[in-house]
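J.: Under the UniProt record's numbering, the sequence shown is numbered contiguously, ending at residue 500.
Don't be surprised by glycine CBs; every beta carbon is placed ideally from N, CA and C.
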Amino acid sequence: MSKVRAVNLGGWLVVEGWIKPSLFDGIPNGDMLDGTQVQLRSVVLNKYVSAANGGGSNVTVDRDVASTWETFRLWRVSENEFQLRCLGGEFLTANSEDGFITATAREPLSTETFYIERNDRRVHIKLLNGGYVQATNDHLLISTYQLQPGWDNNLATFELVIVANNLHGDYQLANGYGYQKAKMVLEEHRTSFITARDFDFLSRHGINAVRIPVGWWISQDPYPPSPFVGGSLAALDLAFTWAKSYGLKCIIDLHAAPGSQNGMEHSASRDGSVDWPSPEYVSQTLEVIDFLATRYGGHPSLLGIELLNEPSAATVPLDVLVSYYMRGYQIVRNHSSTAYVILCQRIGNADPIELFQAGIGLSNVVVDLHYYNLFDPYFASLNSTQNIEIIYKIRAPQLQALKDANGPLVFIGEWVNEWDVQNASQYEYQKFGRAQLDVYANATFGWSYWTLKNDRMHWDFEWNIQNRYLLFSGPSVLKSPSFHLLLVFGCATYFVIMPR
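Take a look at the structure:
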């Protein structure tokens with residue numbers, strides 16, 4: 001097998017708002033999507049609403065400074081109706097005979113649903129039965145205010161502080177628009193964001209595979225559970241058709257698992273919670289793998305199936321993950337003896353060697369590492385030279401050590417020609433990209449750039465190639481005998497990697 005030189009099709013069948021922010025432009029109250037973190041301050045008491053111990057008991061209005069107990073995650077019911085989830089998972093509820101608001105509901109129903117009226121940063125919180133929530137002078141929160149409050153300083157008026165609004169995934173998009181509008185938005189996006197032209201572009205520029213993120217709901221297409229919108233399965237079928245036409249291979253990457261494996265938008269988390277490790281969700285995920293392996297296991301363009309993307313080391317126990325990987329491997333083998341089974345390392349404080357030592361599978365097993373000089377304060381202070389040294393002095397020895405471990409193949413499933421260096425020149429970007437291509441060429445399975453298209457230009461593979469910020473040239477790539485094609489861009493000739 002020639003080494004994989006792939007590009008991710010991120011933001012296509014699994015939505016990531018930062019890749020294409022305009023997808024969310026038409027959502028009313030778009031700053032109050034599912035998972036938005038908010039705090040409420042009484043304008044009269046000048047105190048924050050607080051769920052003691054993060055939930056499970058009374059709610060007070062007595063905190064001068066807001067922290068985790070005073071932060072609530074929104075569950076959006078409609079444009080103006082919301083449920084408020086506490087740190088511990090309970091919801092604020094008006095289900096008490098004495099009118100007190102407590103943080104004791106485990107499952108949100110009508111008594112946990114509040115209508116939020118907004119006037120700039122000020123809000124009124126109304127119960128569905130018509131009453132309003134108010135603070136009391138003895139710092140409690142009650143729901144017995146029956147009049148229509150004004151926007152002056154009164155006990156039923158609160159200041160809404162939006163702490164974080166960083167989840168913009170499939171759940172937020174579909175639930176924010178509502179089904180019909182979301183269906184229109186996603187149909188247009190899926191048919192225009194990635195097309196056959198992109199597969200042609202990749203095949204002409206030395207790429208031999210695509211890694212395609214998918215969400216768990218694809219297995220229930222065309223009618224997935226609410227709020228998800230069907231249609232991603234038909235798009236994935238098209239991707240396989242295009243891949244066959246242009247000589248590319250496909251890696252199906254389960255990017256979003258039921259319950260969320262990392263709490264991020266690209267795992268379709270509703271509010272940042274990580275519930276995937278539960279037996280119920282693990283079982284559902286194995287059913288998704290069986291669906292994908294059944295449908296594509298015999299397709300000539302299938303290269304591999306990645307069982308799970310970026311499980312969190314902080315919330316996904318290693319034993320649960322290894323058990324899932326072992327069962328997932330066997331499911332894929334039931335449908336294909338040759339497809340590669342790809343195991344993503346845990347993100348966070350985890351050593352990839354843990355998967356090498358787990359003994360998962362007998363053949364065609366790959367461990368996926370994601371390398372970014374980003375997402376950590378350590379990188380923020382580095383200059384271009386120091387970033388490049390990281391690639392040669394840290395990443396290269398790590399890849400060699402994994403190669404020497406004589407275990408699964410190694411795949412750099414995500415990397416990017418971007419960093420935290422401010423005002424870097426084109427030449428510095430070229431050197432950084434060259435360093436990564438040079439080192440990642442030693443990964444025994446190959447690599448995959450993140451991602452093909454992105455509104456942030458340095459993340460955009462197509463932009464990098466067309467504007468010559470990323471060059472497939474020189475001995476860094478050509479040291480592999482499997483790459484030999486000469487490609488002409490206008491008047492200049494560059495070596496690029498292509499399979500024989």
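1. By DSSP's criteria, His124 is part of a beta bridge. Which residues make up the other side?
2. Enumerated in chain order, which unbroken segments of the alpha helix (DSSP H) with a length of 4 residues or greater are wholly contained in the segment 350 to 436?
3. Only counting runs of 3 or more residues, tell me where the beta strand (DSSP E) segments fall wholly within the segment 179 to 229, in order along the chain.
4. Under the assumption that residue 527 contacts Lys249 (Cβ atoms under 8 Å), give the Cβ distance between them as a whole number of angstroms.
5. If you follow the alpha helix (DSSP H) that Gln330 is in, where does it begin and where does it stop?
6. Quick one: what's Gln284 bridged to in DSSP?
7. Give the DSSP bridge partners of Phe82, in chain order.
8. Which class does Ala441 belong to by DSSP, given the choice of helix, strand or coil?
9. Sort Gly433, Leu74 and Ile207 by Cα distance to Asn166 and report the nearest one.
10. Please name the residue, chosen from Gln261, Thr285 and His266, that lies closest to Asp275 on a Cα-to-Cα basis.
11. Would you check if the distance between the CB atom of Val38 and the CB atom of Thr157 is smaller than 8 Å?
12. Return the CA-CA distance between Asp221 and His266, expressed in angstroms with no decimal places.
13. What first and last residue would you give for the alpha helix (DSSP H) that runs through Pro88?
14. Out of curiosity, what's the CA-to-CA distance linking Thr315 and Gly259?
15. May I have the straight-line CA-CA distance separating Asp368 from Leu254, to the nearest angstrom?
16. With distances taken Cα to Cα, identify the nearest neighbour of Ala257 among Trp242, Tyr246 and Pro277.
17. So, with DSSP's three-state summary, where would you put Arg5?
18. Along the chain, where does the alpha helix (DSSP H) that runs through Lys244 open and close?
19. Is it buried or exposed for Ile142, if we count other Cβ within 10 angstroms and need 16 for buried?
20. Note down, in chain order, each residue of its chain lying with its Cβ closer than 6 Å to the Cβ of Val416, except the 5 sequence neighbours on either side.
21. Would you mind giving the Cβ-Cβ distance between Ile305 and Ala339, rounded to the nearest angstrom? I have them listed as a contact below 8 Å.
22. Is it right to say Gln422 is buried, meaning 16 or more other beta carbons lie within 10 angstroms of its own, or is it exposed?
23. Report back the beta-carbon spacing between Leu238 and Val7 to the nearest angstrom; my notes put them in contact at under 8 Å.
24. Would you call the segment 112 to 119 and the segment 16 to 28 in contact, with 3 or more CB pairs under 8 Å?
25. Please report how far the alpha carbon of Asn464 lies from the alpha carbon of Thr191, in whole angstroms.
26. When you compare the segment 434 to 443 with the segment 384 to 395, are there three or more beta-carbon pairs, one atom per stretch, that lie closer than 8 Å?
27. Using C-beta distances below 8 Å, list every residue in its chain close to Arg121, excluding the 5 sequence neighbours before and after it, in chain order.
28. Between Gly247 and the rest of its own chain, which residues show a CB-CB distance below 7 Å, the 5 nearest in sequence each way excluded?
29. How long is the line joining the alpha carbons of Lys3 and Val341, rounded to whole angstroms?
30. According to the Cβ coordinates, are Val59 and Ala51 closer than 8 Å?
31. How many Å lie between Ile360 and Pro352 at the Cα?
32. Just checking my contact of Gly99 with Thr144 at CB under 8 Å: how many whole Å lie between their CB atoms?
33. Since Glu159 sits in a beta bridge, which residues does DSSP pair it with?
34. Using only alpha-carbon positions, find the residue among Trp12, Gly130 and Ala135 that is nearest to residue 511.
35. When the Cα atoms are used, what is the spatial distance from Val49 to Gly169?
36. Considering only residues of the same chain and omitting the five flanking positions on each side of Leu374, which have a CB-CB separation below 8 Å?
T.: With the structure as the only source:
1. Listed as beta-bridge partners of His124 by DSSP are Glu117.
2. Segments of the alpha helix (DSSP H) lying fully in the segment 350 to 436: 353 to 356, 377 to 380, 384 to 390 and 396 to 404.
3. Within the segment 179 to 229, the complete beta strand (DSSP E) runs of at least 3 residues are 209 to 215.
4. Because the chain is modelled from 1 through 500, residue 527 falls outside the range shown and cannot be assessed.
5. Following the DSSP letters along the chain, one finds Gln330 inside the alpha helix (DSSP H) bounded by residues Leu318 to His335.
6. Looking at the DSSP assignment, Gln284 forms no beta bridge with any residue, so it has no partner.
7. Phe82 is bridged to Arg76 and Phe114.
8. In the three-state reduction of the DSSP assignment, Ala441 falls in the coil class, being assigned neither a helical nor a strand state.
9. Taking each of Gly433, Leu74 and Ile207 in turn and checking the Cα distance to Asn166, the smallest one comes out for Leu74.
10. Proximity to Asp275 across Gln261, Thr285 and His266 peaks at Gln261, based on C-alpha coordinates.
11. Their beta carbons are not under 8 Å apart, which means Val38 does not touch Thr157 by this criterion.
12. If you draw a straight line from the Cα of Asp221 to the Cα of His266, it comes to about 19 Å.
13. It should be noted that the sequence gives Gly, not Pro, for residue 88. Element bounds for Gly88: n/a, residue is neither H nor E.
14. One Cα belongs to Thr315, the other to Gly259, and the distance between them is close to 12 Å.
15. If I take the Cα positions, the gap works out to 13 Å.
16. From the listed residues Trp242, Tyr246 and Pro277, the smallest Cα separation to Ala257 is found for Pro277.
17. Strand, per DSSP.
18. Residues Ser232 to Tyr246.
19. Counting Cβ neighbours within 10 Å, Ile142 comes out buried, since at least 16 surround it.
20. Excluding its 5 nearest sequence neighbours in each direction, Val416 has C-beta neighbours in its own chain below 6 Å: Trp450 and Trp459, listed in chain order.
21. Yes, they are in contact, since the Cβ atoms of Ile305 and Ala339 sit about 6 Å apart, within 8 Å.
22. It is exposed - the Cβ of Gln422 has fewer than 16 other Cβ atoms within 10 Å.
23. Taking the Cβ atoms as the reference, Leu238 lies roughly 17 Å from Val7, outside the contact range of under 8 Å.
24. In this structure the segment 112 to 119 does not lie against the segment 16 to 28, because fewer than three pairs of beta carbons, one per stretch, are closer than 8 Å.
25. Taking the straight line from one Cα to the other gives about 23 Å.
26. As far as the Cβ criterion goes, the segment 434 to 443 touches the segment 384 to 395, which means the pair count is three or higher.
27. Glu159, Leu160 and Val161.
28. Cβ within range, chain order: Ser203.
29. C-alpha separation (whole angstroms): 15 Å.
30. Yes.
31. Approximately 13 Å between the Cα atoms of the pair.
32. Yes, Gly99 and Thr144 are in contact; Cβ-Cβ is about 4 Å, under 8 Å.
33. According to DSSP, Glu159 bridges with Arg41 and Arg122.
34. Outside the modelled stretch of the chain, which goes from 1 to 500, sits residue 511, for which no answer is possible.
35. Their backbone Cα atoms lie some 28 Å apart in a straight line.
36. Cβ within range, chain order: Val416, Glu418, Trp419 and Asp420.
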